[in-house]
Amino acid sequence: MSAMSAMLLEILVSLFLLASAFFTLAGSIGLARLPDFYTRLHGPTKATTLGVGGMLVASVLYFSARGEWLSLNELLITMFLFITAPISAYLLAQAALHLRVRDVSGGADKSKHPGQ
Amino acid sequence: MLAAAITIALAAISLAMLLNLWRLLCGPDLPDRILALDTLYINTIALLVLLGIHFDSLVYFEVSLLIAMMGFIGTVVFSKYVLRGDVIE
Amino acid sequence: MELLVASAIGVLVACGVYLLLRGRTFPVVLGLTLLSYGVNVFIFVMGRLQSGAPPIIKPGAAGYADPLPQALVLTAIVIGFGMTAFVLALAVKARFALGNDHVDGVERSGPERVP
Amino acid sequence: MTLLLIILFPLLGAALPAVAVRWGRNASAGAAAGVTAIPLALLLFETPRVLAGGTIEAGWRWVPAIGLDLTFRLDGLGFLFALLILGIGLLVILYARYYLSQRDPVGRFYVFLLLFMGAMLGIVLSDNLLLLLVFWELTSLSSFLLIGYWKHHADARQGARMALAITGGGGLALLAGVLLLGHIVGSFELPVVLRSRELIQGSPLYLPMLTLILLGAFTKSAQFPFHFWLPHAMSAPTPVSAYLHSATMVKAGVFLLARLYPVLSGSDAWFYLVSGTGLVTLVFAAYVAMFKHDLKGLLAYSTISHLGLIMLLFGLSTPLAAVAGVFHIINHATFKASLFMAAGIIDHESGSRDMRRLNGLWKYMPHTATLAMVAAASMAGVPLFNGFLSKEMFFTEALELHQTGTLWWIVPAAATLAGVFAVAYSLRFIHDVFFNGEPVDLPRTPHEPPRWMKVPVEILVVLCLLVGIFPAYTVAPLLNVAAGSVLGGPLPEFDLAIWHGFTFPLLMSVVALSGGVLVYFALQYRFNLHMIVQSPSPGRRFYNRGLAWLTGLSEIVTGGLQNGSLQRYLALLVTVILLAGAFPFWQLGWYSGSRSPGMMDGGSGVAWLLLVVSAACTVIWHRQRLLALVFVGVTGLMVSLIFVRFSAPDLALTQILVEVVSIILLLLALYLLPQTTPRESSVTRRMRDAGLAVAAGLGAAGLVWAVLTRPQDTISGFFLEQSVPGGGGSNVVNVILVDFRGFDTFGEIIVLAIAALGIYAMIGGLRVERPALDPARRPWAADSHPLLLRVASRILLPLALMVSVYLLLRGHNEPGGGFIAGLVTAVALITQYLASGIAWTEARLRLDHQRMIGIGVLIAALTGVASWFFGAPFLTSAFAHWHLPVLGELPLASAMIFDLGVYLTVVATTMLMLVTLGKIGAREEV
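Line by line, the protein sequences give chains A, P, Z and V. The first sequence begins at 933 in the working numbering and counts up by one. The second sequence begins at 13 in the working numbering and counts up by one. The third sequence begins at 359 in the working numbering and counts up by one. The fourth sequence begins at 546 in the working numbering and counts up by one.
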């Protein structure tokens, strides 16, 4: 690998890392700052998952370029995360509805929810 | 450059984890806390990937993989407990 | 760094001991869990703190973390899990056999309703 | 080898009579006799060598680290005692066959008797003092069983307890004494000890050591003031009294003194302690014996008195006195055993042992009476009987005494006085039982016993006569070698003859005989002996009071410490641990070592904060149990981060898995427990607990700090070097687990299996109604198994299983291994239970968890056993490199098969634990 392409790769990995870190952080800021549970649910499940996905891409790039490993591992993690994130969110939302967690309007969810 | 990027990313993720802690402490409801725990798990994966690149080592991947699996199962169990009480029925 | 580790172990042990001294079975189990975390980390760090040097033999590695405490702690974690499971089963059994979840098996303030 | 066989025959053969009793009492007695006769024959084969002065030694190593070896020796003294034990033992077995009634469990009697015989042989043949002690304790235990043989009698139980308490306490003192002796000499081997006389007697520890050893000997041989257990032990069956309490066990104390005579004797302390105790016992017990109305009580006190006599002889420390002591051991064993048997016959055939009721039995059982008369004459020291010979030697030695100075007359006078009493009680035994009027309302009409019941008595009585009349032709060779090994040097000149001319000792004998006759008839006819009732001995009162005091003390201590509150015990435990840990800390002084701490980084700081805060929150919110559990989850995650951060990927994997499995378990249990904890501790209680907790935390933290700031000294270099060449794997942690320390891991999976099976046994059948409402009094969600989750779990299952197989296969070289892979598989399977329910999963996944645990442990064990076939120790690993198409070079070690066993066990135990708990709440409320 030439010095040029190595340089390019480093830039690419760095960019991916920074972007992913931004998304990850954004997800957590959303978790901390948004007004009610149902809105908070969006941050981690979307932004953070994306962020970690980006991290993994960076990792794939980094290690694959070094020729050490055909990074199936990261792929597996990404798959796991992308399959599980929506289900976690779904179940958490169900739980919140069951516990009648209040939404931002202040009124608890009065409608019949699936738990009833 | 990579080193700088890793440092910044590390700082960002550390900050993210602190924010998760904040949500864990404040709640106010149980689902908030479970969600914070779930997010913490995912952030930990990010942290481990970063560490892997930083130490130039592959041994952290299995840990990340299992944290991904276990984080999911943890969230599922807690939610199921809230919903149904009996986790295995 | 050593100060962080030492204080973390101290906090785990202190929280574990406090919960162990509670009167109901569930907090006691939680305390046991925290205490075993503390003890596991304690034994682990007896091999000192090594960064980025896992005990996996590789040509050209600069050094390795001490594998012996790691092997000890690995089984300790699993055995600790077995113990937690056993104590939990005991707690459940005691609750249904005695009608309360006090560690002494005697409710000090009247029996509670068993679901 | 012969020596070991002699001891092992009774010990191992003890089981035979219990089996043989199915074919009747004769078979049982026959088995016991056979088991005794063989070692007796073996012993007799060695007679020529022993009588020629030879010593037979044999030894095997046992626990060399503490100086305890299986070494045996057969010298003259051991031979004499072994002969007594086996010979009289054989007679007692025959006698007991007729003595025990139809209702008594004969098999058990012979089992105990043979056990005792083996233990006693062990004492007399041991060549190692610690080994001797082991057998010493065994005699105490087996005699406890024998005395308490009639366990339905309260006095038998009490007598057994008393004997055990006194001789056991003495055994403890003896242990301390022997340990001191071993400390002085540097060895517990008798040959070494017996060569170290100057060293021992010059040691400053000589006096405490001697006192302790004497305590052991005095209690065992029933010396004043510890004598009182022996009369109480008379509630044992008479064969036991004849065997243990005349011939053998009570002689163990005397034997010990004889054994250690060459090194312990000769000092002033020895003289005053041993002969003083012996003298007091001799006179006191002989006096008491005269007033006992119980036949066996009289014999018991007479035994105590004669043991005192033997003690006194050894205490005198002159060679001839030691010879006389050995001689009296032989004589006493023969006449006292026969007297006990005679008393047993009388008791058996008349139903009473009370001499106030037993009178004039001569006309009912003349044969038995004749035998008893000969034995009693020997006991009294009448010429032509063996007791006379040793007693006259004793009188001679009493006169030769110089240590007492102007008080020289005390010992001869006391000896004569004791002789007077001995004649009096012997005479009473004969006159009061066989003559002196008519029987007073006996339960049965007395008659002669069965023919064979008298044979043992006859044999012993004939021995008494033979020895008494022809000492030089019968007992002399045996006495010579036995006394020779006691003295450990040349024998003094002595003459075993009946007639030595008109000497002062003969005068003493005459005084004793005539005085004894006078005293007896005076007591009987002037003082109305039958009406005198003695108060219980002060020793017994002291024993009872001491026992009551100890019981009271233990009640106070127990009541003070254990009020039934586990919280309190735990607090006490923590306090004690803190105090025990505080002392070394105090000594350490400054905690910080020389090693400079590493730099802290921001990420670690955040993780630390998370860990500390979540642990604290677990405590703060521990009343809201579900919430506390969430925080435990955070703590666990952070702990696994610690493992990752400091280069322990295997630990991090295990931690994260165990963490989640524990949370599932805790949630399963929480469902069955109250959701909140009531506030019930007082503020002071909480402050106290917080104080203890903070102290414990500070202690742990301080300790870690002290260690981490000091340089490391590890033994891990070996493992790191040998892992690849020796274990065939590059993941050193896994190689340690499955190879270097494989045996530990084997033990650990067994513990895990026991825990899982224990849980299954404890709550396997428990079923609880499902509550209709959740903790907030709302109905549960209707959808028990959400579709999304079900679908996802089925996609994830193969992925997770693949991961686990991958972790298992490469665990030897990279992070992973049986424990981790097993947990992954278990979690993957449990996810199916979570998502689709028990019924659905078990319909598709038919796993018998118990059987699977068994298979796992078996595979691990077989891997270990397999190495035996290659001539290597258990669990030796072998490995080879295999070339596989896809995976490439794969080193396949036999340790990996072991790891497979670990894997299966971990999967099955985890599943069994979770499913067992999960099934409890499974039933829907109708």
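In this text, a Cβ means the ideal position worked out from N, Cα and C, and glycines have one as well.
The C-beta distance from V:Glu993 to V:His912 rounds to 6 Å, short enough to meet the 8 Å contact threshold. At a cut-off of 7 Å between beta-carbon atoms, Z:Pro425 makes no contact with chain P. For V:Arg1086, the uninterrupted alpha helix (DSSP H) segment begins and ends at 1083-1106. Within a 10 Å sphere around the beta-carbon of V:His877 sit 16 or more other beta-carbons, which makes this residue buried.
One Cα belongs to V:Ala1301, the other to Z:Met441, and the distance between them is close to 9 Å. Take the alpha-carbon of V:Val1402 and the one of Z:Gly438: they are about 19 Å apart.
Between the C-alpha atoms of V:Leu840 and V:Ala888 there is a straight-line separation of about 6 Å. For V:Pro1320, same chain residues with a beta-carbon under 7 Å away, outside a window of 5 residues either side, are Gln1220 in chain order. By the 16-neighbour rule on beta-carbons within 10 angstroms, A:Ala990 is buried. Among the residues of chain P, none has a CB under 7 Å from the CB of A:Leu940; the nearest is roughly 11 Å distant. Using a CB distance cut-off of 7 Å, V:Ser1329 counts as an interface residue toward chain P. For Z:Ile437, the chain V residues whose C-beta falls within less than 9 Å of its own C-beta are Glu1293, Val1296, Leu1297, Ala1300, listed in chain order.
For V:Trp605, the enclosing beta strand (DSSP E) begins and ends at 601-608. Listed along chain P, the residues sitting closer than 7 Å to Z:Gly410 by beta-carbon distance are Phe67, Ser69.
Look at P:Leu78: its C-beta is under 7 Å from a C-beta on chain V.
Under the three-state reduction of DSSP, Z:His460 is assigned to strand. A Cβ-Cβ separation of about 15 Å leaves P:Met82 out of contact with V:Leu1342 under the 8 Å criterion. The C-beta of A:Leu982 comes no closer than 7 Å to any C-beta of chain P. In this structure, V:Thr764 sits near V:Thr712, with a CB-CB distance shorter than 7 Å.
In terms of CA proximity to V:Ile891, V:Ala914 leads the group V:Phe872, V:Ala914, V:Arg901. Around the beta-carbon of V:Tyr817, fewer than 16 other beta-carbon atoms lie within 10 Å, marking it exposed. Listed along chain A, no residue sits closer than 7 Å to V:Ile1375 by beta-carbon distance, the nearest being about 15 Å off. For V:Leu615, the enclosing beta strand (DSSP E) stretches over residues 613-619.
Annotation: V:Ala1251 has no Cβ neighbours in chain A at a cutoff of 8 Å; minimum Cβ distance is about 38 Å.
DSSP links V:Thr1221 through a beta bridge to V:Gln1169. V:Gly1148 is positioned such that its CB atom lies closer than 7 Å to that of P:Ser26. The beta carbon of A:Thr956 falls within 7 Å of a beta carbon belonging to chain P, placing the residue at that interface. Its Cα nearest to that of P:Thr87, the residue V:Val1179 stands out among V:Val1249, V:Val1179, V:Gly1361. Here V:Glu983 carries a coil assignment [DSSP, helix/strand/coil]. Listed along chain P, no residue sits closer than 8 Å to V:Glu1387 by beta-carbon distance, the nearest being about 11 Å off. Scanning chain A for C-beta atoms nearer than 9 Å to the C-beta of V:Leu1333 yields Pro1018, Ile1019, Tyr1022, Leu1023, reported in chain order.
For the options V:Val679, V:Leu1374, V:Val730, V:Gly1309, the alpha carbon positioned closest to that of Z:Ala447 is the one of V:Gly1309. Within the same chain, Cβ atoms closer than 8 Å to the Cβ of P:Tyr93 are found at Val99, the five residues on either side in sequence being excluded. Residues of the segment 1186-1211 of chain V with a C-beta atom less than 8 Å from some C-beta of chain Z are Ile1187, Phe1188, Arg1190, Phe1191, Ser1192, Ala1193, Pro1194, Asp1195, Leu1196, Thr1199, Gln1200, Val1203, Val1206, Ser1207, Leu1210, Leu1211, listed in chain order. In the three-state DSSP reduction, P:Leu60 falls in the helix class (H, G or I).
In the three-state scheme derived from DSSP, where H, G and I count as helix and E and B as strand, V:Glu734 is classed as strand.
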